[in-house]
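What follows is a single structure, written as structure tokens, with notes after it.
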Amino acid sequence: MKYKFTILLFYSFTFSCLAQWKEVNHGIEISQFNDVKAITSEIAIVIGSNGTIVKTNDGGETWQLKTSGINYDLKRLEFPTANVGYIIGGNNILLKTNDGGETWKSLTTNHSSGFYDISCVNENLIFISTNNGVIKSEDGGESWIELSPSPFYENIKFINDNIGFVSRSSTWMNYEFENDLAKTIDGGQTWQEIKATSPFGFSNENIGFFYFNGLYKTMNEGNQFDLVSSLSYPALSDIMILNENTIWGIFYWQTLDYANPVRGILKATANGEYTSYMFPHKEHGYNLKKIHFANENTGYIVGSKWDGTKIKGLIWKNTNGLNQSMKTKEENLFQFKIYPNPTNKEINISLQRLMNQTFDITLNDMTGKQVYSKKLLNTPNVKILISEFSKGTYILTIKMGQEKYSQKVIIN
């Protein structure tokens, strides 16, 4: 009697039973979270679509909805102190809290241009980048003045009352970046473009980073950025400066055929060490937006995920500062059927979810000798005749680009 065995090969690179990034059950009906601030290891605040503000006081175990009083999307969140925080959103919304995010009030800026980003030097000195320049408040948002027009406006960061930076999104040009960053040393009265790009950030007034095909570091208030670590990931969509030597980032990697883009999480140091986790965006529908750590061990990522029926906002948490799996259990990414196993005539491989790309199949004996190799494209069913192979145990490997799958096969 012959038996047919179905073996599911798991995507072993991205997912691990020893997960460091874990999905948080927030219980909130929302399609998108846009920003997060981890104020302490226990307290974090997340904002998102339709005026949503949620807060945890117990390290993400429970989450409470806070009243914003608006229905516009909330974009960016800043907490210059543990109690004072600001939110900007659609329709030029500006919200402020004085009690650690428990209650929020709306402030008026009398500015009609769209808001993009916010930077707080302290609880009173605030800068907001708009599509018409930068506005500034010196009294906690009660009154505002317009500064000289800036060349860019998507991102803003002031490291003190005089020195600040604005940037546009990173520009691809033959793997070179242009002058996508501008600096002011007079509080926004004048701006000078510099050769750097976004995303960028600072750990203190002197030391900062940006990322583009590697990690660049400044130790002199952004006057000069030097490449300190060359990495294979092209660009980051967000960066969080943990300390003077370490950054966390979210990357989006577009493949050459545009069929299988991946998103992932990068942790890198200025001495060249890094860990990364990536997963196919097409299959899992992840859209990671922002990352923030309260300290070296506790951090959050927010964004959204397509679950097959709808888009829902998701929160992930890290509790030990390691960069490992986004899941607490093994997850089947592509289902392969390999049968029969054991076998004495042939090995059949059925690729249930065929990816539109070339893949390689190899078969090696336990000494490492390769006895079979074939490159295929758009082939949902593969048959390997093994009558001439010696009896024993073999390793069948299927490789698609960066992804690799292995399974033991017995020939008897």
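Position 222, counted from 1, in the sequence shown is what this note's numbering calls 226; the numbers after and before it change by one each time, with no gaps. Note that beta-carbon positions come from the ideal geometry of N, C-alpha and C, so glycine has one too.
Check whether residue i and residue j have beta carbons under 8 Å apart
{"i": "aspartate 143", "j": "asparagine 126", "result": "no"}
{"i": "serine 72", "j": "serine 308", "result": "no"}
{"i": "isoleucine 402", "j": "threonine 347", "result": "no"}
{"i": "isoleucine 319", "j": "valine 88", "result": "no"}
{"i": "leucine 400", "j": "valine 413", "result": "yes"}
{"i": "glutamate 158", "j": "serine 147", "result": "no"}
{"i": "glycine 317", "j": "glycine 52", "result": "yes"}
{"i": "isoleucine 245", "j": "asparagine 327", "result": "no"}
{"i": "asparagine 38", "j": "leucine 78", "result": "yes"}
{"i": "asparagine 210", "j": "glutamate 225", "result": "yes"}
{"i": "isoleucine 351", "j": "isoleucine 390", "result": "yes"}
{"i": "leucine 240", "j": "arginine 267", "result": "no"}
{"i": "valine 40", "j": "valine 232", "result": "no"}
Residue i versus residue j - alpha carbon distance
{"i": "serine 123", "j": "glycine 31", "result": "30 Å"}
{"i": "leucine 260", "j": "asparagine 114", "result": "Below a pLDDT of 50, predicted positions are generally treated as unreliable, and leucine 260, at 39, falls in that range; the measurement from the model is reported next regardless. Between leucine 260 and asparagine 114, the C-alpha separation is close to 46 Å."}
{"i": "asparagine 208", "j": "asparagine 345", "result": "59 Å"}
{"i": "threonine 397", "j": "alanine 272", "result": "40 Å"}
{"i": "serine 141", "j": "threonine 188", "result": "17 Å"}
{"i": "asparagine 322", "j": "tryptophan 252", "result": "12 Å"}
{"i": "glutamate 392", "j": "lysine 294", "result": "55 Å"}
{"i": "phenylalanine 216", "j": "leucine 380", "result": "34 Å"}
{"i": "threonine 201", "j": "leucine 185", "result": "5 Å"}
{"i": "aspartate 369", "j": "leucine 355", "result": "23 Å"}
{"i": "threonine 101", "j": "lysine 199", "result": "37 Å"}
{"i": "aspartate 451", "j": "isoleucine 167", "result": "Given that the chain is displayed from residue 5 to residue 416, the structure contains no residue 451 and the question cannot be resolved."}
{"i": "serine 152", "j": "isoleucine 139", "result": "9 Å"}
{"i": "threonine 85", "j": "aspartate 103", "result": "10 Å"}
{"i": "glutamine 411", "j": "proline 203", "result": "40 Å"}
{"i": "lysine 341", "j": "arginine 80", "result": "46 Å"}
{"i": "aspartate 230", "j": "tyrosine 278", "result": "18 Å"}
{"i": "glycine 372", "j": "aspartate 364", "result": "17 Å"}
{"i": "valine 120", "j": "aspartate 165", "result": "The residue you asked about is not valine; residue 120 is tyrosine in the sequence shown. When rounded, the distance between both Cα atoms is 20 Å."}
{"i": "glycine 303", "j": "tyrosine 256", "result": "20 Å"}
{"i": "threonine 112", "j": "glutamate 150", "result": "14 Å"}
{"i": "isoleucine 132", "j": "lysine 378", "result": "56 Å"}
{"i": "lysine 6", "j": "tryptophan 310", "result": "Because lysine 6 carries a pLDDT of 37, less than 50, the predicted location of this residue cannot be relied on, and the following value inherits that uncertainty. Using only the alpha carbons, I get a separation of about 41 Å."}
{"i": "serine 234", "j": "glycine 118", "result": "36 Å"}
{"i": "phenylalanine 162", "j": "isoleucine 254", "result": "22 Å"}
{"i": "glutamate 65", "j": "lysine 314", "result": "24 Å"}
{"i": "asparagine 227", "j": "tyrosine 376", "result": "56 Å"}
{"i": "phenylalanine 169", "j": "glycine 276", "result": "26 Å"}
{"i": "methionine 223", "j": "histidine 296", "result": "22 Å"}
Nearest neighbour of residue i, chosen from the options [CA to CA]
{"i": "glycine 312", "options": "Ser147, Tyr290 and Phe229", "result": "Tyr290"}
{"i": "serine 214", "options": "Asp242, Trp195 and Glu150", "result": "For the record, residue 214 in the displayed sequence is phenylalanine; it is not serine. When only C-alpha atoms are compared, the closest one is Asp242."}
{"i": "alanine 42", "options": "Ser377, Glu300 and Ser354", "result": "Glu300"}
{"i": "asparagine 95", "options": "Trp67, Asp103 and Thr134", "result": "Thr134"}
{"i": "isoleucine 160", "options": "Gln411, Glu150 and Ile130", "result": "Ile130"}
{"i": "phenylalanine 4", "options": "Leu111, Val50, Gly55 and Ser110", "result": "Lying before the first or after the last residue shown, residue 4 is absent from the chain, which here runs from 5 to 416."}
{"i": "threonine 250", "options": "Gly205, Lys294 and Tyr256", "result": "Gly205"}
{"i": "glycine 212", "options": "Glu248, Leu240 and Asp184", "result": "Glu248"}
{"i": "isoleucine 57", "options": "Ser234, Asn382, Leu99 and Ile390", "result": "Leu99"}
{"i": "glutamine 24", "options": "Ser280, Asn102 and Gln228", "result": "Ser280"}
{"i": "tryptophan 108", "options": "Glu33, Ser154 and Tyr90", "result": "Tyr90"}
{"i": "methionine 404", "options": "Thr302, Ile388, Leu389 and Thr383", "result": "Thr383"}
{"i": "lysine 395", "options": "Asn227, Lys349 and Phe229", "result": "Lys349"}
{"i": "tryptophan 67", "options": "Lys314, Glu33, Gly145 and Gly137", "result": "Glu33"}
{"i": "glycine 137", "options": "Trp310, Lys341, Trp195 and Leu81", "result": "Trp195"}
{"i": "phenylalanine 156", "options": "Gly192, Ile163 and Phe255", "result": "Gly192"}
{"i": "serine 110", "options": "Ala86, Ser116, Leu81 and Gly145", "result": "Gly145"}
{"i": "lysine 26", "options": "Ser116, Ser154, Asn324 and Asn227", "result": "Asn324"}
{"i": "tyrosine 343", "options": "Glu65, Ile388 and Lys314", "result": "Ile388"}
Cβ distance (whole Å) where residue i is taken to contact residue j below 8 Å
{"i": "tyrosine 76", "j": "isoleucine 92", "result": "Not really, about 10 Å apart at Cβ, beyond 8 Å."}
{"i": "alanine 298", "j": "lysine 221", "result": "23 Å between Cβ atoms; not a contact."}
{"i": "threonine 362", "j": "glutamine 374", "result": "The Cβ separation is near 18 Å, so there is no contact."}
{"i": "glycine 105", "j": "isoleucine 74", "result": "With a Cβ gap of about 15 Å, glycine 105 and isoleucine 74 do not count as contacting."}
Say whether the segment 60-72 touches the segment 39-47, bearing in mind that this needs 3 or more beta-carbon pairs closer than 8 Å, one atom from each stretch. yes
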